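**Q**
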Amino acid sequence: MSLVLSPLDDRLEAAGARFTDFAGWRMPLRFTSELAEHKAVREAAGVFDLSHMAEILVTGPHAAAAMDHALAGLFSPLVDGQARYSLLLAPDGGILDDLIVYRTAPDRFLVVANAANRELVREELRARCHGADCEVDDVTDELALVAVQGPRSREILERTADLEVDGLDTLRYYRALPMRFAGSDGLVARTGYTGEDGFELYLEASAAPALWDAVLAAGADLGAVPAGLAARDTLRLEAGMPLYGNELTATVHPAQVGLSRSVPVARKGEFVGREAVLTGPPAGARQLVGLVGEGRRAPRAGTPLLDGDTIVGEVTSGALSPTLGHPVALAFVDPALTDPGLPLEADVRGTRVPVTVSTLPFYSRKES
Amino acid sequence: MMTIPADLRYTAEHEWVAVVDGQVRVGVTAHAATELGDIVFVELPEPGTRVVAGHVAGEIESTKSVSELFAPIDGEIVEVNTAVVDDPALVNADPYTAWLYVVAPDDPATIDTLLDAAAYASLVGA
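So the protein sequences, as listed, match chains P and Z. Remember, my numbering sits 10 above the position in the first sequence when you count from 1. Remember, my numbering sits 144 above the position in the second sequence when you count from 1.
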């Protein structure tokens, strides 16, 4: 099966991308060195093509009420231009996807879902909005998504030729503004998935290659570089952010991954998964924790965790932290073993490696 | 265009072999280093360990993946490159300088059975 190409594919190729198949899309894994790209995001800026992410519009007079019913979050109180991180839950409370929802007008919501879940999220939203006066449209193919992440990102956008945004200097975290670029309308949001300050720019696919060029040109002398999905994964892991497919799956409840606050049951009416959330996960369900290690060898996804000779958990993501210089990992462990400082062992392909339960995130950016 | 030095021998597992004073110096190819991405950890056999051709001799990890290192020939480990253990990024910087370990071969003639540069180039499509 041929891969879907990003609207930025020729730009990625020209920038030297090494590509990977990501949920059926040909996307850049890295351009030069994933560690250099990671470092650029922490110290200057990285520019990511995230056009594979699914964008689904929910519009109509009942859109807000329909969203409140369909997803775990509460959307009717959002003001225009406000964003919310939320979850699509199964009736049994399992996490089907995590997503970001932007309210762009009183009757219009932009839902950004993981690429692998495009059809699932679209069809679930259609089914869950059925009967309400609202429409669900998949606009993934029409939109490109360029993320500019890192401490210099605002400065870069302010210098980007032909980019017009009114109020970028006062745009708050998890807020979005309309933007215009070279005659096309788009949305600029102060959101991201790297643990750094940064912006995500949604733009018509046809205008996106010029935006990619303009952003990189504006950021070149500030240290901005194109960055790929490999860097994105180590960045999000350092920031302690769970990933769909690793930490978030259909057999995991929000309470197990510390996302109960994303489900304001007390303030919400009926929604899919409500009963299961009120009941909570089964007794003894494992909890997501952070782990830190020593040396250079990181426990990877699937690595068993041991307390003495008893298997007490499993790693879901792990890497040698490029910023911190020691291994970090996310793991599910038995609920009695979640205290920070608790020593455990990871069975890394037959070698026992000591790890310590840690608070999250592993890395927090310094507020400027 | 990937570098494949003509004076080295290669394995299908993307290791290169150089004969230095009758002993065999082993590293990973530029192709392997590029495929792996940034290398962050290597585990090498202790000097004195016996290795067997085609069997696992160590591990090499990048930020995204873990790969096994396979011994190219039978023999005994006589030296490991501690500089690379301390700074695995040396492998990415110059894979043909950043050797990993040295083997005293049981039978030096077996070196000639390894791939030459042309055969390795055709294997990796270079």
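For glycine and all other residues, C-beta sits at the position ideal for the given N, C-alpha and C. This structure is a prediction, so every number in the text was calculated from the model and none was measured.
1) Would you please verify whether the beta carbon of T226 of chain Z is less than 8 Å from any beta carbon of chain C?
2) Mapping the DSSP letters down to three states, classify G229 of chain P as helix, strand or coil.
3) Just to confirm, are T69 of chain P and D90 of chain P a CB contact at a threshold of 8 Å?
4) Grab the span of the alpha helix (DSSP H) containing D19 of chain P for me, first residue to last.
5) Is M251 of chain P near the ligand ATP, in the sense that its beta carbon is under 7 Å from a heavy atom of that ligand?
6) State the start and end residues of the unbroken beta strand (DSSP E) segment that holds I271 of chain Z.
7) So, helix, strand or coil for A339 of chain P, using DSSP?
8) Would you call the region 97-107 of chain P in contact with the region 208-227 of chain P, where contact means no fewer than 3 C-beta pairs closer than 8 Å?
9) Tell me where the beta strand (DSSP E) around L347 of chain P begins and ends.
10) Quick check: is the beta carbon of A341 of chain P nearer than 8 Å to any beta carbon in chain Z?
11) Using Cβ-Cβ distances below 7 Å, what residues of the region 158-180 of chain Z are close to chain P?
12) DSSP on I183 of chain Z, reduced to helix/strand/coil?
13) From the beta carbon of R307 of chain P, is the nearest beta carbon of chain Z less than 8 Å away?
14) Below 8 Å on C-beta distance, what does T392 of chain P contact in chain Z?
15) Mind listing the chain P neighbours of F214 of chain Z? Cutoff is C-beta to C-beta under 9 Å, in chain order.
16) Which residue wins for smallest C-alpha separation from N256 of chain P, given the options P:S327, P:D243 and P:A276?
17) Spell out a yes or no on whether the region 131-143 of chain P and the region 21-39 of chain P are touching, meaning 3 or more CB-CB pairs, one atom from each, closer than 8 Å.
18) Hey, V367 of chain P and L269 of chain P: beta-carbon distance below 8 Å or not?
19) D182 of chain Z CB to nearest chain P CB: under 8 Å?
20) Grouping DSSP H, G and I as helix and E and B as strand, with all else coil, what is I255 of chain Z?
21) Given a limit of 8 Å on CB to CB distance, which residues of the region 271-304 of chain P reach chain Z?
22) Measuring alpha carbon to alpha carbon, tell me which residue in P:P364, P:T259 and P:D349 is nearest A356 of chain P.
23) By the criterion of Cβ-Cβ separation under 7 Å, what are the contact partners of A329 of chain P in chain Z?
24) Taking V122 of chain P and M77 of chain P to be in contact with their CB atoms under 8 Å, please state how far apart those CB atoms are, rounded to whole angstroms.
25) Closer than 9 Å between beta carbons: that is the criterion. Which residues of the region 233-258 of chain Z meet it against chain P?
26) DSSP on A329 of chain P, reduced to helix/strand/coil?
27) Locate the beta strand (DSSP E) running through A237 of chain P, then write down its first and last residues.
28) Compare the C-alpha of V168 of chain Z against each of Z:L213, Z:A248, Z:L188 and Z:S206 and name the closest.
29) What separation, rounded to the nearest whole angstrom, lies between the Cα atoms of L352 of chain P and A295 of chain P?
30) Which residue from P:S374, P:G141, P:T289 and P:A55 puts its Cα closest to that of G233 of chain P?
31) When the Cα of A242 of chain Z is compared with those of Z:A261, Z:D251, Z:D230 and Z:D165, which residue comes out closest?
32) What's the C-alpha gap between L13 of chain P and G318 of chain P?
33) At what residue ranges does the region 148-208 of chain Z contain a whole run of the alpha helix (DSSP H), taking only runs of 4 or more?
34) Counting pairs of beta carbons, one from the region 196-208 of chain P and one from the region 246-253 of chain P, are three or more of them closer than 8 Å?
35) Sort out for me which residues DSSP pairs Q266 of chain P with in a bridge.
36) Can you tell me whether L39 of chain P is helix, strand or coil according to DSSP?
**A** Taking the coordinates as given:
1) This model lacks chain C altogether, as its protein chains are P and Z.
2) As a first step, residue 229 of chain P is located in the first sequence; it is residue number 219 there, counting from the start. In this structure, G229 of chain P counts as helix in the three-state DSSP scheme.
3) Here residue 69 of chain P corresponds to residue number 59 of the first sequence, with the count starting at 1. Here residue 90 of chain P corresponds to residue number 80 of the first sequence, with the count starting at 1. Going by C-beta atoms, T69 of chain P is not nearer than 8 Å to D90 of chain P.
4) Here residue 19 of chain P is taken as the residue at index 9 of the first sequence, counted from 1. Here the alpha helix (DSSP H) through D19 of chain P covers D19 to A24.
5) With respect to the ligand ATP, the structure shown offers nothing to examine, as it has no ligands at all.
6) Here chain Z covers residues 145 to 270 and nothing more, so residue 271 of chain Z does not appear.
7) Counted from its first residue, the first sequence places residue 339 of chain P at position 329. In the structure shown, A339 of chain P sits in a strand (DSSP, three-state: E or B).
8) no
9) Residue numbering aside, residue 347 of chain P sits at position 337 when the first sequence is read from its first letter. From DSSP, L347 of chain P is part of no beta strand (DSSP E); its letter is neither H nor E.
10) The residue you call residue 341 of chain P lines up with position 331 of the first sequence. With 8 Å as the cut-off, A341 of chain P does not count as an interface residue toward chain Z.
11) none
12) The sequence position of residue 183 of chain Z within the second sequence is 39, counting from 1. I183 of chain Z: strand per DSSP, three-state reduction.
13) Residue numbering aside, residue 307 of chain P sits at position 297 when the first sequence is read from its first letter. Interface residue, yes.
14) No statement about residue 392 of chain P is possible, as the shown extent of chain P runs from 11 to 378 and does not include it.
15) Position 70 of the second sequence, counted from the first residue, corresponds to residue 214 of chain Z. By Cβ distance, chain P contributes nothing, its closest Cβ being about 15 Å from F214 of chain Z, past 9 Å.
16) Within the first sequence, residue 256 of chain P is the residue found at index 246, counting from 1. Checking every option, the nearest Cα to that of N256 of chain P belongs to P:S327.
17) no
18) Here residue 367 of chain P corresponds to residue number 357 of the first sequence, with the count starting at 1. Here residue 269 of chain P corresponds to residue number 259 of the first sequence, with the count starting at 1. Going by C-beta atoms, V367 of chain P is not nearer than 8 Å to L269 of chain P.
19) Walking along the second sequence from the start, residue 182 of chain Z turns up at place 38. Taking Cβ atoms only, chain P reaches closer than 8 Å to D182 of chain Z, which makes this a yes.
20) Along the second sequence, read from residue 1 onward, the residue named residue 255 of chain Z stands at position 111. I255 of chain Z: helix per DSSP, three-state reduction.
21) none
22) Against the first sequence, residue 356 of chain P aligns to sequence position 346. Here the closest residue by C-alpha is P:P364.
23) Residue 329 of chain P sits at position 319 when you count from the first residue of the first sequence. Within chain Z, the residues near A329 of chain P are T207.
24) Within the first sequence, residue 122 of chain P is the residue found at index 112, counting from 1. Within the first sequence, residue 77 of chain P is the residue found at index 67, counting from 1. No, V122 of chain P and M77 of chain P are not in contact; Cβ-Cβ is about 13 Å, not under 8 Å.
25) A233 and N236
26) Taking the first sequence and counting its residues from 1, the one referred to as residue 329 of chain P is at position 319. DSSP places A329 of chain P in strand when its eight states are reduced to three.
27) Position 227 of the first sequence holds residue 237 of chain P. It spans A234 to A237 - the beta strand (DSSP E) in which A237 of chain P sits, taken as one unbroken run.
28) As a first step, residue 168 of chain Z is located in the second sequence; it is residue number 24 there, counting from the start. Out of Z:L213, Z:A248, Z:L188 and Z:S206, Z:A248 has the C-alpha closest to the C-alpha of V168 of chain Z.
29) By 1-based counting over the first sequence, the position of residue 352 of chain P is 342. By 1-based counting over the first sequence, the position of residue 295 of chain P is 285. If you take the alpha carbons of L352 of chain P and A295 of chain P, they lie about 18 Å apart.
30) What you label residue 233 of chain P is simply residue 223 of the first sequence in a count that begins at 1. Among P:S374, P:G141, P:T289 and P:A55, the Cα nearest to that of G233 of chain P belongs to P:A55.
31) In the second sequence, the residue the question calls residue 242 of chain Z occupies position 98. When each option's Cα is compared against that of A242 of chain Z, the closest is Z:D230.
32) For the purposes of this step, residue 13 of chain P is taken as the residue at position 3 of the first sequence. For the purposes of this step, residue 318 of chain P is taken as the residue at position 308 of the first sequence. Rounded to the nearest angstrom, the two C-alpha atoms are 46 Å apart.
33) 174-180
34) yes
35) What you label residue 266 of chain P is simply residue 256 of the first sequence in a count that begins at 1. According to DSSP, Q266 of chain P bridges with nothing at all.
36) Against the first sequence, residue 39 of chain P aligns to sequence position 29. Of the three classes helix, strand and coil, the one that applies to L39 of chain P here is strand, per DSSP.
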